[in-house]
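Enquirer: Position 17 of the sequence shown, counted from 1, bears residue number 17 in the UniProt record's numbering, the numbering being contiguous throughout.
Think of the CB as a built atom: it goes at the ideal place given N, C-alpha and C, for glycine as much as any other residue.
What follows is a single structure, and I will ask about it in a moment.
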Amino acid sequence: MKIAVIGASGNAGSRIVAELARRGHAITAIVRNPEKIAPRPNVVAKRGDVMDPGSLAKLLAGHDVAVSSVHFLDSDPAKLIAAASDSKVGRYLVVGGAGSLEVAPGVPLVTTPGFPVAYKPEAEKGAVFLDLLRRQKELNWTFLSPSALFTAGERTGKFRLGTDQLLTAPDGKSWISFEDFAVALADEIERPAHIRGRFTVGY
């Protein structure tokens, strides 16, 4: 498939590009600084501005799938959604956040007492992004939330999937590596199972 990855030089974005290229897809890596994208087969880097929906839509046009992997505080979800919609891209997948996942019925993680204050604004804006997507009538979207701890690690290919509830391991830890998150997202692109919905991945 032809897949555009917005924010392709970030922690999650770079792993997503690597995973998709490894599977033989043709990747357009959209970044502010194309020189940050290392030469790799199946990957073409292009300069893009997430705050300019018109030019971004032109970059996304003609792709089967677009993936958004940008920090919520560094972007505007309404502009990203507008760009995806106007581009007529086949699918739009968003690297989401864990803050909007529920730890109990009706209790999002971001509202719990132990949630780090420093991450709260980013998490709250991620929840806004998800709400905006859920109001879309035509856009073919999917929002993939990581577990609470989203960090560098190994590509094991072994993880669990969930929907709106935070996944935790038997020891109480909630985490997923960038590498395995990329595997889960690539699997979803190749075998769609969460059309117009949110899902999560964790160990």
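Whole-angstrom Cβ separation of residue 132 and residue 81, contact assumed at under 8 Å?
Expert: Yes, they are in contact, since the Cβ atoms of residue 132 and residue 81 sit about 6 Å apart, within 8 Å.
Enquirer: Return yes when the Cβ of residue 6 is within less than 9 Å of the Cβ of residue 69, no when it is not.
Expert: yes
Enquirer: Near residue 95, which residues of its chain fall below 6 Å by C-beta distance, leaving aside the five closest residues on each side in sequence?
Expert: 12, 69
Enquirer: Measure the alpha-carbon distance for residue 97 versus residue 111 and round it to whole angstroms.
Expert: 14 Å
Enquirer: Indicate whether the contact test is met: 3 or more Cβ pairs, each with one atom in the segment 120-128 and one in the segment 148-165, closer than 8 Å.
Expert: no
Enquirer: Once the 5 residues before and after residue 2 are set aside, which same chain residues still bring their CB inside 6 Å of it?
Expert: 26, 63, 64
Enquirer: In the DSSP assignment, find the beta strand (DSSP E) that holds residue 13 and state where it starts and stops.
Expert: It is not in any beta strand (DSSP E) - residue 13 instead sits in the alpha helix (DSSP H) that spans 11-22.
Enquirer: Taking the alpha carbon of residue 184 as the reference point, which residue from 9, 4, 16 has its own alpha carbon closest?
Expert: Checked all of 9, 4, 16; the closest Cα to residue 184 is 16.
Enquirer: Quick check on the DSSP output: the alpha helix (DSSP H) that includes residue 126 runs from which residue to which?
Expert: In this chain, the alpha helix (DSSP H) harbouring residue 126 covers 120-134.
Enquirer: Taking only runs that begin and end inside the segment 74-123, name each unbroken alpha helix (DSSP H) of 4 or more residues, in chain order.
Expert: 77-87
Enquirer: Closer than 7 Å by C-beta to residue 167: which residues in its own chain qualify, once you throw out the five before and the five after it? Chain order, please.
Expert: The residues are 147, 160, 174, 200, 202.
Enquirer: So residue 159 is in the alpha helix (DSSP H); what residue range does that whole segment cover?
Expert: Element bounds for residue 159: n/a, residue is neither H nor E.
Enquirer: Report yes if the C-beta distance between residue 123 and residue 100 is below 9 Å; otherwise report no.
Expert: The Cβ atoms of residue 123 and residue 100 sit closer than 9 Å to each other.
Enquirer: Select from 42, 180, 4, 92 the residue whose C-alpha is nearest the C-alpha of residue 157.
Expert: When only C-alpha atoms are compared, the closest one is 180.
Enquirer: Tell me whether residue 182 sits in a helix, a strand or coil according to DSSP, three-state version.
Expert: helix
Enquirer: With which residues is residue 143 paired in a DSSP beta bridge?
Expert: 94, 198
Enquirer: In three-state terms, what does DSSP make of residue 206?
Expert: Any property of residue 206 remains undetermined from this structure, which presents the chain solely from 1 to 203.
Enquirer: For residue 134, count the other beta carbons within 10 Å of its own beta carbon; 16 or more makes it buried, fewer makes it exposed. Which is it?
Expert: Residue environment analysis places residue 134 among the exposed positions, since fewer than 16 neighbouring C-beta atoms fall within 10 angstroms of its C-beta.
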